[in-house]
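Enquirer: Before we start, here is the structure in question, set down as structure tokens.
Residue numbers (the numbering used here): 474 to 573.
In structure tokens:
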């Protein structure tokens, strides 16, 4: 759903299938694919204009799961998004200023 489907259909049509992919991946033990689908889904939620507070909740719920599954690579993919969302919401106005 995330590699080519968005080229022929609206990106919002990938949101539910990516959630299903995440759930199926966890069920069958493919944690890498499950976490990748979860991260991609979070980015797609941002791209389609979902409310920032909703995205923040999903991201904050994802991070402990990624930590538990030892998917630091995927955590690195969504950490900048969480920082951006917090910054856009004015929650952490100085987020990543030290890095930049």
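The beta-carbon is built from N, C-alpha and C at its ideal position, and this holds for glycine as well.
Rounded to whole angstroms, what is the Cα-Cα separation between residue 485 and residue 507?
Expert: Along the chain shown, read from residue 1 onward, the residue named residue 485 stands at position 12. Along the chain shown, read from residue 1 onward, the residue named residue 507 stands at position 34. When rounded, the distance between both Cα atoms is 19 Å.
Enquirer: Using a Cβ-Cβ cutoff of less than 7 Å, which residues in the same chain neighbour residue 498 once the five nearest sequence positions on both sides are dropped?
Expert: Residue numbering aside, residue 498 sits at position 25 when the chain shown is read from its first letter. Answer for residue 498: 504, 506, 507, 510, listed in chain order.
Enquirer: Quick check on this structure: which residue in 540, 542, 543, 512 has the alpha carbon closest to the alpha carbon of residue 555?
Expert: On the chain shown, position 82 is the one that residue 555 refers to. The candidate whose alpha carbon is nearest that of residue 555 is 512.
Enquirer: For residue 483, which three-state DSSP category applies?
Expert: The residue labelled residue 483 in the question sits at position 10 within the chain shown. It is coil, neither helix nor strand.
Enquirer: Once you ignore the five residues that flank residue 494 on each side, which residues in its own chain have a CB closer than 6 Å to its CB?
Expert: By one-based count along the chain shown, residue 494 stands at place 21. The answer, listed in chain order, is 510.
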